[in-house]
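Undergrad:
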Amino acid sequence: MRVVLFEIGDFSIRSYGLIVGLAILLAIGVAYYLAKGTIYQKHIIDLVFYIIIGGIIGARIWHVFFFQWAYYSKNLSEIFSIWNGGIAIQGGLIGGFAGAFIYTRIKKISFWELADILAPAIILGQAVGRIACFLNGDAFGAPTNSGFGIVYPAGTIAYERYGSEPLWPAEVWEGQLDLIGFGILMGMKNLKLPKGVLFLSYNLIYAVIRFSMEFMRGDSPRYALQWTAGQWTSASIFAIAFVLMVYFVVRKNDDTELLIRS
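All letters in the sequence shown, in the order written, are residues 43 to 304 by the numbering used here.
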């Protein structure tokens, strides 16, 4: 577990940035492969710019207004100081989806078909990205109050908060569950599903994973029902994705029935 992997003069190579960069490259490569044989493969590389810009904006908005507003409301000048750290993966995902949607409107292609292709690649990238959180000592769990858990070294945010107390390996387990989600989505990819259902399944799967892991988190404030901002976001995404999935399935069945009758 190393926040700084090595230094070249005054330049530090941080584990978080390096692993996140590798996660993005892996996700792009997998998405490009999954788009093989479709009209969407040629769009994958061009799409990355829109997703990254949207993701950065969304990640910062979520972190500032939903996770740390108590701090930023008193330090408004730091809201735009993203170089000092502070992003939220859920906001990044929502912002990235918004960026992808804008791209599909510009190029006049189907957002839902493209999103179905991207879904397995996204959750695989998230799984690798959680390794970055582990090495950086963030997204950490609450104290286990036992001999079991991760003890973070000095220099990490987790150590600043809890010292040498063992913490739940929340980010590690979330990454492992993301890998299981990737396997499920890859299996579902071969099924004849209505357009958009694979992407919505990804949202349902990740919402359940994130909601459950948040019970172990020790770095997030809690609000109504003692839920964290991550849990409220997950519950909202689950509800929206579920309603949309039911709508797409019913519409598909209705279209099939009309075709048979005709």
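From the three backbone atoms N, C-alpha and C, an ideal C-beta is built for every residue, glycine too.
These numbers come from a predicted model, not from an experiment.
To the nearest angstrom, how far is it from the Cα of M230 to the Cα of F241?
TA: In the sequence shown, counting from the first residue as 1, residue 230 sits at position 188. In the sequence shown, counting from the first residue as 1, residue 241 sits at position 199. Approximately 10 Å between the Cα atoms of the pair.
Undergrad: Assign F48 to one of three DSSP states: helix, strand, or coil.
TA: Taking the sequence shown and counting its residues from 1, one reaches residue 48 at position 6. The answer is strand: DSSP assigns F48 an E or B state.
Undergrad: Please name the residue in P208, Q273 and E202 whose C-alpha comes closest to that of G191.
TA: Looking up residue 191 in the sequence shown gives position 149. It is P208.
Undergrad: My guess is that I199 and G179 are in contact by the Cβ rule of under 8 Å, so how many angstroms apart are they, rounded?
TA: As a position in the sequence shown, residue 199 is number 157, starting the count at 1. As a position in the sequence shown, residue 179 is number 137, starting the count at 1. About 6 Å; that satisfies the 8 Å criterion.
Undergrad: Are the beta-carbon atoms of A174 and V62 separated by less than 8 Å?
TA: Counting from one through the sequence shown, the residue named residue 174 turns up at place 132. Counting from one through the sequence shown, the residue named residue 62 turns up at place 20. Taking 8 Å as the Cβ cut-off, A174 and V62 qualify as a contacting pair.
Undergrad: Can you tell me which of I66, Q218 and F108 puts its alpha carbon nearest to the alpha carbon of L89?
TA: Taking the sequence shown and counting its residues from 1, one reaches residue 89 at position 47. Of the listed residues, the one whose Cα sits closest to L89 is I66.
Undergrad: So what does L209 bridge to, in DSSP terms?
TA: For the purposes of this step, residue 209 is taken as residue 167 along the sequence shown, with counting starting at 1. P185 and I192, per the DSSP bridge assignment.
Undergrad: Does DSSP put F122 in a helix, in a strand, or in coil?
TA: The residue you call residue 122 lines up with position 80 of the sequence shown. Coil.
Undergrad: Cutting at 7 Å between CB atoms, please list the residues of its own chain near I121, excluding the five before and the five after it.
TA: As a working mapping, residue 121 is identified with position 79 in the sequence shown. Only V106 and Y114 meet the Cβ criterion.
Undergrad: To the nearest whole angstrom, what separates the beta carbons of S163 and Y92, a pair I think is in contact under 8 Å?
TA: Here residue 163 corresponds to residue number 121 of the sequence shown, with the count starting at 1. Here residue 92 corresponds to residue number 50 of the sequence shown, with the count starting at 1. According to the sequence as given, residue 163 is Ala; it is not Ser. That belief does not hold up - the Cβ atoms of A163 and Y92 are roughly 15 Å apart, past 8 Å.
Undergrad: Using only alpha-carbon positions, find the residue among I81, I86, N117 and G183 that is nearest to A69.
TA: Position 27 of the sequence shown, counting from 1, holds the residue named residue 69. Taking only the C-alpha atoms, the option nearest A69 is I86.
Undergrad: Under DSSP, the beta strand (DSSP E) around F53 begins and ends at which residues?
TA: What you label residue 53 is simply residue 11 of the sequence shown in a count that begins at 1. F53 to R56 is the span of the beta strand (DSSP E), which, as asked, contains F53.
Undergrad: How is T270 classed by DSSP in three states: helix, strand or coil?
TA: Residue 270 sits at position 228 when you count from the first residue of the sequence shown. T270: strand per DSSP, three-state reduction.
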